[in-house]
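Going by the working numbering, the letters in the sequence shown line up with residues 40 to 194, in that order. Data block below; observations after.
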Amino acid sequence: MPIRTEIRGRVAEIVLDHPPVNALDSAGWNELPGIITSAGRNPEVRCVLIRGEGRGFCAGVDIKELQAHPERIVAVNRGNYLTFQAVRACEVPVVTAVHGFVIGGGIGICGAASHELRVHAHPGIVWDEFVGYWITLWAIPFDWVWMLAGFVVFR
40 MPIRTEIRGR
50 VAEIVLDHPP
60 VNALDSAGWN
70 ELPGIITSAG
80 RNPEVRCVLI
90 RGEGRGFCAG
100 VDIKELQAHP
110 ERIVAVNRGN
120 YLTFQAVRAC
130 EVPVVTAVHG
140 FVIGGGIGIC
150 GAASHELRVH
160 AHPGIVWDEF
170 VGYWITLWAI
180 PFDWVWMLAG
190 FVVFR
């Protein structure tokens, strides 16, 4: 299971655990908003913590899935959007525990959480977006559709 949840004290811990880099496929991205919303509505929870297991926080979308199934780009983007929306609409504060690396959709999760907490590290976020987009241009076939998808995912 790439996403685990546990309640410790008054904190709902959502753990991204999808080795090697915690990149979620379309199913994972579309599951995450419901998990965040459910945790926030739990009367026992006062805070939601999202963290990654292993070497880094989150590498965004599973690019291997998109290479094998390009038609899933819409599902992945919908899941990204709904996840960011769920973080912003959560009934309790959402905090991200970032370590190692964060790329693409992971940046979006952090951005949504920091927006609601009114905490920003703009220079770091901008460079991560550039690096993620450059990775897209390098790793995915050169085509305007993939360039647009990379921009949307990493922006």
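Beta carbons are placed, not taken as given, at the ideal position from N, Cα and C, and that holds for glycine.
Report task. Put V141 into one of helix, strand or coil per three-state DSSP. Result -> The sequence position of residue 141 within the sequence shown is 102, counting from 1. Three-state DSSP puts V141 in a strand.
Report task. Enumerate, from N- to C-terminal direction, the unbroken alpha helix (DSSP H) stretches of 4 or more residues contained entirely within the stretch 56-87. Result -> Listed in chain order, they are 65-80.
Query raised in the report: What are the start and end residues of the alpha helix (DSSP H) that includes R117?
Result: Position 78 of the sequence shown, counted from the first residue, corresponds to residue 117. Counting along the chain, R117 sits inside the alpha helix (DSSP H) bounded by residues I112 to A128.
Requested in this report: Would you mind giving the Cβ-Cβ distance between G200 and C97, rounded to the nearest angstrom? I have them listed as a contact below 8 Å.
Outcome: Look at the range of the chain in this structure, 40 to 194, and you will see that residue 200 is not part of it.
Report task. Could you tell me whether the stretch 104-113 touches the stretch 70-81, where touching means 3 or more Cβ pairs closer than 8 Å? Result -> As far as the Cβ criterion goes, the stretch 104-113 does not touch the stretch 70-81, which means the pair count is below three.
Query - Sheet register partners of E52 (DSSP bridge) - result: Counting from one through the sequence shown, the residue named residue 52 turns up at place 13. E52 is bridged to E45 and L88.
Requested in this report: Give the single residue among D64, P72, L71 and G95 whose Cα lies nearest to the Cα of G139.
Outcome: Within the sequence shown, residue 139 is the residue found at index 100, counting from 1. Of D64, P72, L71 and G95, the residue nearest in Cα terms is G95.
Query raised in the report: Taking C-alpha atoms, which residue in G147, I46, G150 and G93 lies nearest to N81?
Result: Translated into positions along the sequence shown, residue 81 becomes position 42. With distances taken between Cα atoms, N81 lies closest to I46.
Query raised in the report: Under the DSSP definition of a beta bridge, which residues are partnered with C97?
Result: Position 58 of the sequence shown holds residue 97. Paired residue(s): V141.
Query raised in the report: Are V137 and C129 closer than 8 Å when you measure CB to CB?
Result: Position 98 of the sequence shown, counted from the start, is the residue given in the question as residue 137. Position 90 of the sequence shown, counted from the start, is the residue given in the question as residue 129. The criterion of a C-beta distance shorter than 8 Å is not satisfied by V137 and C129.
Report task. Indicate the three-state DSSP secondary structure (helix, strand or coil) for V131 in the structure shown. Result -> Counting from 1 along the sequence shown, the entry for residue 131 is found at position 92. It is coil, neither helix nor strand.
Report task. Take the Cβ of G143 as the centre, count every other Cβ of all protein chains shown within 10 Å, and call the residue buried at 16 or more, exposed below. Result -> Stepping through the sequence shown from its first residue, residue 143 is reached at position 104. With 16 or more neighbouring CB atoms inside 10 Å of its own CB, G143 falls in the buried class.
Query raised in the report: What's the gap between the Cα of T122 and the Cα of G48?
Result: Taking the first residue of the sequence shown as position 1, residue 122 is located at position 83. Taking the first residue of the sequence shown as position 1, residue 48 is located at position 9. One C-alpha to the other measures close to 24 Å.
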